[in-house]
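What follows is a single structure, written as structure tokens, with notes after it.
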Amino acid sequence: MPPYDARGEGNRAKRHRAVLIGVERYKGARNDLPAVATNLRLMRDALTARHSGVLGPEDLVVIPADGGSAAAVDPLRVREALTAARDEVTGLLVVYFAGHGIVRPDGSDLNLMFTDSRVTTDRNHPFVDTLSWRDDIMPELRYARADWVVVILDCCFAGNALGAFNPLGGQNFALLTAAAPGVEIPPGDPGTGTEFTAALHRLLTEGVGEPVTFTRIVTGIRVAMAPLKAVDGHPWFPDERRHGDDVVLALAAGEGEGHKPNKLRTLIGKLVARLSAAVSPRRLLHALARRMTRTAALALAGVVALAGLGAWYLLGPPPGGCGSPLELRVLTDPDLRPTVQKAADAYPKRDGDRCRTVSINVYDAKATDAVAAFRSSSLWQEPPASCPSSGDCLRPQRNVGAQPDIWIPAAGSAWQRATAGGSGGGTASAAAGSEKPGAEEPGAEEPAAEESAAEVGKSVVDLDRLGSVAYTPMVLGVPDTMRLPQSLQTDDPLDTIVSALKDAQEVVILRPDPEGTEGALLATGALYAASGSGRESAVEQDIAKALRPMPSTARELMCALADGQPDDVEDRAAVLVPEQTLALFNLSAGVAGRPDCATEALKHRVAHYPSDVPMLDLPFVRVTWAGADRDADVRKAAVEDFYQWLVTDPDAQKRFTDDGFRGVGKGAPAPPEDDSVLRSEDNTTAVREQIPATGEGADTAASLSDTLSRYRGALGAGRVLYLLDNSTSTEAKRVWGGTGGAKELVARSMTSLGAKDSFGVRTTAVDNGESAVDLVKFGQSSRAAAQRTVVGAKTAAFDARIAAGLSEGLKTLRDDLGHTEQPRLLVLVTDGEDLEAVTAEEQKELVEEAGRAPLVRIVTVALRNGACTPGRFGDRLAGASGGRCLDPGDDVAAELAAEVARTGTGDAE
């Protein structure tokens, strides 16, 4: 069919709009972006050009408005404009953003930044006064009334929005990003705008002979950007996603009607923008003369001859201040991120003019994700062309972040696993835990995450371990109300300490998610050994009963205990955490360094030092990429200089010791200084100055891979039952089929199921007297066949009987009481309409039933907003069962897959 044309006869009477957002001024650490003012002008001109523009001036909403581009931009004002456009536009809706973009350390959740935006250390809510593409913008626009929605993002990490592009089924929606995922872009020139928007303006205004459609722009913008490089030499490749046919963004301009730029002025602008402020007028003239006719060059000579005054006035002030520093990227363990960030911020690498010559960007990723990414490092540069139809695959740019120059894991064991025990690069045969393809048929087997025999990438890195930057031992933090002999504080294995604790009082041993941090993984290995052969299921069941969901880091674990929920866990919990974390949480209120989340409810804890848990030695690893020859020597020197500063400069070491780490001595942990947190009054009796020596052991890499496999299969085969709302309202609301629809969500989440898991799918839209109909009969089934069945399911002309489906689902999952430790999960996917039709009495009974034993976690996926509001039915079911309630504000696909992964054994096989 022909491309959608807002000026076409059938669409002229409709309401069209462009919301143009440009953020030039930033507070805090972010640089201003003066090129944004030109960008807004270029986009206004292109969309409303006399002969080619598809919109009129009255169709534009420009933020900031008449206050000038340097005015503050408030995210609430932007959200209001998007909401109004969603509700009011019936024809073409164009949304354009130019400004700073930022992502989480794992590359997810692109956030658009505004004047007052800032970044915090809160892992759950790291960005303040921003708008999340995934949580705020995409959920708003996917319900737009417009015939066509086109979004253009000109910001760093714009390509990271592609992963959360999920229009409704049948919705016409196109997204154009200035670059690919994980790529940062230059700030542009104030006189000509950013390279991307300037090229976009040319494509929209200089077309002759035929309309300029979205698909033509994609081709043209890629050609225009191909000769250029993004930040750090990355290829500049604008990316896109499109759901629908095509849309006209500029009309055909006849010969003589289109925009005809002044070629001399354009040439001058480009050259001036690219030449340094130090370029002399003579060199500028010679450069121009080589590109112009003699007459044009002579004409310009008069301008250039005016040197310091005339040229400044006519061409604008030369760029001044400091040049762009060399950027080093540091990947670290989540437990280390706050301290490594402090050290990086203090790094004083500046030149004689006090200009920073090296900028250090710190980010973290799950320990298992980092190891898997390095073992298949070529996927950083060449992601898989495609993933399984209903599954996922290893994508380091998304799971970890940009290619690092430096890696600071928590312990050398991570480096061992990443290099397969060697001293150089990674291995070619690793897959990422929850990221690998699953078994397709019952009985099929998969290798464990870090031992996969399926080649998913090859090594293109050298990982050179230069030395340790600090140390901290793993400890068992025991409340000081639990008395143990002092002799048990050092030099005993974990099982001896735990046995003595359990003999004396009721105690639960807690540690963070071993997938998340290296310290938790090391502790888990010793914990399984202490529990006895085959008893890891009992360990994990005890942890799950005491604290759900499992915290990701040691700090989050301590914060959860400080929060006092559930009420009795804090009193009887011994925690396996790094010594430095324990020391900080022992500090009294008002003492510098005490974490913000600490409360008086948190007990003072004494550190016991298991002799069989290796110390965290914070190795500094230089990451060298094959083929990365640009500035290789300069980059290598900068990396080594940063390392030497970290280990030898007292100010650098103080950043670590202030946070409770032990500094670097002669190849070993240095004794705590007098001003160390470890020697504070609160920690005098809690920590030991002399600590036991713990070695990594020759088989640490292999043993930890085994620990991961045991952890993932700890609770045995899972039982998962899906309740799928197939009422006609789901199709009417456009949440049934297509990307992000109910069927696709269920099919995709099945990737986390293994061959030994029991699962089934029931549809809930049935006639009165029925509870649900088996779409996939509950039991051990072919996952691939089940996915095909779900994708092909149809809606039914009945209301969804949610209450009956939940009641019968709980009964089905509990019918085998001989395996009470088996994890059980009930997933309800609904548009929310019939969920709210459950009577108050039915809700009360079901919430009570959800809280009974054996535990069945209930995850409700409500594809319309509101059902997960605190106090509503979905929220109450989650609270009673230890489950979740997911709505469009969440990354539903990823979160649901993660919830199923907690129950299924796909990762363990």
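Quick note, in our numbering, the sequence shown goes up one by one and the last residue is 2314.
All residues carry an ideal CB built from backbone N, CA and C; glycine is no exception.
{"Asked": "Length of the line joining the Cα atoms of L1893 and L1932", "Found": "16 Å"}
{"Asked": "Segment limits, beta strand (DSSP E) that includes L1609", "Found": "No beta strand (DSSP E) holds L1609; the alpha helix (DSSP H) holding it covers 1600 to 1610."}
{"Asked": "H2013 - partner residues in DSSP beta bridges", "Found": "L1881"}
{"Asked": "Rounded C-alpha distance that separates A2057 from L2023", "Found": "14 Å"}
{"Asked": "C-alpha distance - W1785 paired with E1923, whole-angstrom precision", "Found": "22 Å"}
{"Asked": "Residue span of the alpha helix (DSSP H) that contains C1964, given as start and end", "Found": "1959 to 1967"}
{"Asked": "Which of helix, strand or coil DSSP assigns to W1641", "Found": "coil"}
{"Asked": "Identity of the residue in P1572, A1815, N1565 nearest A1372 by Cα", "Found": "Residue 1372 falls outside the range modelled here, since the chain spans only 1406 to 2314, and no answer is possible."}
{"Asked": "C-alpha gap between T2133 and A2202, whole angstroms", "Found": "6 Å"}
{"Asked": "Cβ pair R1435, L1498 closer than 8 Å", "Found": "no"}
{"Asked": "CB contact flag (L1871, R1999, <8 Å)", "Found": "no"}
{"Asked": "Which of helix, strand or coil DSSP assigns to P1480", "Found": "helix"}
{"Asked": "Spatial distance of V1974 from V1866 (CA atoms)", "Found": "44 Å"}
{"Asked": "Alpha-carbon to alpha-carbon, D2130 and T2169", "Found": "5 Å"}
{"Asked": "Inter-residue Cα distance where the pair is G1661 and A1442", "Found": "Residue placement at G1661 is poorly supported in this model, since its pLDDT is 35, which falls under 50; the coordinates still yield a value, given next. Going from the Cα of G1661 to the Cα of A1442 covers about 28 Å."}
{"Asked": "Coil, strand or helix - S1782 by DSSP", "Found": "coil"}
{"Asked": "Identity of the residue in A2033, I2263, D1897, R2206 nearest L2215 by Cα", "Found": "I2263"}
{"Asked": "Candidates N1416, R1446, K1419: closest to E1429 by CA position", "Found": "R1446"}
{"Asked": "Beta carbon of G1921 nearer than 8 Å to that of S1957", "Found": "yes"}
{"Asked": "Sub-8 Å separation of C1560 and L1517 beta-carbons", "Found": "yes"}
{"Asked": "Cα-Cα separation between S1413 and H1648, rounded to whole angstroms", "Found": "At residue 1413 the sequence reads Gly, which differs from the Ser that was named. Distance between the alpha carbons of G1413 and H1648 is about 21 Å."}
{"Asked": "Sequence-distant residues of its chain with Cβ nearer than 7 Å to A1704 (five each side left out)", "Found": "Unreliable placement is indicated for A1704, whose pLDDT of 42 sits below 50; the coordinate value is still reported in the next sentence. If we look at A1704 and ignore the five residues flanking it on each side, it has no Cβ neighbours."}
{"Asked": "Helix, strand or coil at N2131 according to DSSP, with G and I counted as helix", "Found": "coil"}
{"Asked": "Residues bridged to C2290 [DSSP beta-bridge criterion]", "Found": "T2265"}
{"Asked": "N-terminal and C-terminal residue of the alpha helix (DSSP H) that N1804 is part of", "Found": "1801 to 1804"}
{"Asked": "Helix, strand or coil at D1908 according to DSSP, with G and I counted as helix", "Found": "helix"}
{"Asked": "Selected residue, minimal CA-CA separation from V1588, among A1925, A1815, F1642", "Found": "F1642"}
{"Asked": "Continuous alpha helix (DSSP H) stretch holding L2233: start and end", "Found": "Where L2233 is concerned, there is no enclosing alpha helix (DSSP H), although the beta strand (DSSP E) it sits in stretches over 2229 to 2235."}
{"Asked": "Same chain only: Cβ atoms within 6 Å of P2074, ignoring 5 sequence neighbours per side", "Found": "Y1876, R2067"}
{"Asked": "Backbone CA spacing between A1583 and V2039 [nearest angstrom]", "Found": "28 Å"}
{"Asked": "Residues near T2029 by beta carbon distance below 6 Å, same chain, minus five either side", "Found": "D1867"}
{"Asked": "Nearest to A2285 (by Cα), restricted to the options V1623, D2239, L2231", "Found": "L2231"}
{"Asked": "Cutoff 6 Å; reference F1502; Cβ partners in own chain excluding five residues on either side", "Found": "I1426, L1517, L1558"}
{"Asked": "Cβ contact check for the stretch 1595 to 1609 and the stretch 1622 to 1637: 3 or more pairs under 8 Å", "Found": "yes"}
{"Asked": "For N1571, the three-state DSSP class (helix, strand or coil)", "Found": "coil"}
{"Asked": "Complete runs of the alpha helix (DSSP H) confined to the stretch 1968 to 2009 [at least 4 residues]", "Found": "1974 to 1977, 1984 to 1991"}
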